[in-house]
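**Q** For the sequence shown, our numbering assigns the number 188 to the last residue and increments by one with no breaks.
Where is the CB? At the ideal position from N, CA and C, for every residue including glycine.
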Amino acid sequence: MFVYSPLPQTNVGKEYYRIQGVANSSTEFSFLDVSVSSFQPNFGPKSGGTTLNIRGKNLHTGSNVGVTVAGIDCQVTARNRNTILCVTSGSKRSKREINDGNVTVTIDGTQWTAEGTFIYKTDPQITSLKITTLKRGGLNVKVEGKNLDSVSSPTAVIQISDVTRDVPCKVINSKHMKFISPAFPEV
């Protein structure tokens with residue numbers, strides 16, 4: 002039987018364990034110290050959909066991993082030794098009740114909080130979009146609206162018939178953004 006429990010902390014940054022009993026194993030094992038250091042981007046819309054890139058060390062350890070942003074689940078899509086990717090969720094709480102907050106990683110029941118605060122911004126609203134596209138693409142398309150700067154990496158999704166293109170947008174300010182129309186040679 003192998004039982005351990007933390008002793009009272011005597012030095013900052015160190016943990017001491019009292020081990021009772023004996024454990025024999027032919028398999029080698031080691032403990033890895035997990036740390037969570039940062040995340041990007043630090044803002045996104047209240048409706049969710051922002052992909053967070055969380056950085057740290059030994060993030061691949063453990064079998065049960067979860068992430069919350071201001072107490073709201075963030076769906077983990079990938080992880081490796083130094084990175085966890087997750088997508089922020091929309092909330093059943095009213096948009097006014099969603100507050101900015103910490104990014105917290107939980108691995109096998111232990112929590113780590115990244116430095117910094119994730120800022121929930123008011124969802125964008127498009128009020129004007131003037132697009133006349135040609136099959137060859139390459140035209141400047143201007144988008145007008147409100148809160149267009151609440152998404153860190155906005156993408157326009159253009160569909161003609163059954164063909165869809167995702168195009169990155171450039172945010173000019175909270176009321177204006179633009180993108181270059183994609184080519185649709187197969188239509």
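1) Should Q41 be flagged as near chain C, meaning a C-beta pair shorter than 8 angstroms?
2) Taking 8 angstroms as the threshold (C-beta atoms), are F40 and S153 in contact?
3) What is the DSSP secondary structure of S33, reduced to helix, strand or coil?
4) Near C1, which residues of its chain fall below 7 angstroms by C-beta distance, leaving aside the five closest residues on each side in sequence?
5) Between which two residues does the beta strand (DSSP E) containing V144 stretch?
6) Nearest-angstrom Cα distance between N59 and K171?
7) For I73, which of D109, S162, L149 and Y121 has the nearest alpha-carbon?
8) Secondary structure at S151, three-state DSSP: helix, strand or coil?
9) If you count every other CB in all the chains shown that lies within 10 Å of the CB of S129, and 16 or more means buried, which is it?
**A** Judging by the given coordinates:
1) Given the protein chain composition of this structure (a single chain), no chain C is represented.
2) In the sequence shown, the residue the question calls residue 153 occupies position 152. In the sequence shown, the residue the question calls residue 40 occupies position 39. Result no, Cβ atoms of S153 and F40 do not sit closer than 8 angstroms.
3) As a working note, residue 33 is residue 32 in the sequence shown. At residue 33 the sequence reads Leu, which differs from the Ser that was named. Coil, per DSSP.
4) Residue 1 cannot be examined here, being either before or after the span of the chain that is shown, 2 to 188.
5) Within the sequence shown, the letter at position 143 stands for residue 144. Per DSSP, V144 belongs to the beta strand (DSSP E) from N141 to K147.
6) Reading the sequence shown from its first residue, position 58 is the one you call residue 59. Reading the sequence shown from its first residue, position 170 is the one you call residue 171. About 35 angstroms.
7) Indexing the sequence shown from 1 puts residue 73 at position 72. Among D109, S162, L149 and Y121, the Cα nearest to that of I73 belongs to Y121.
8) Start at 1 with the first residue of the sequence shown, and residue 151 comes out as number 150. In this structure, S151 counts as helix in the three-state DSSP scheme.
9) Against the sequence shown, residue 129 aligns to sequence position 128. Exposed.
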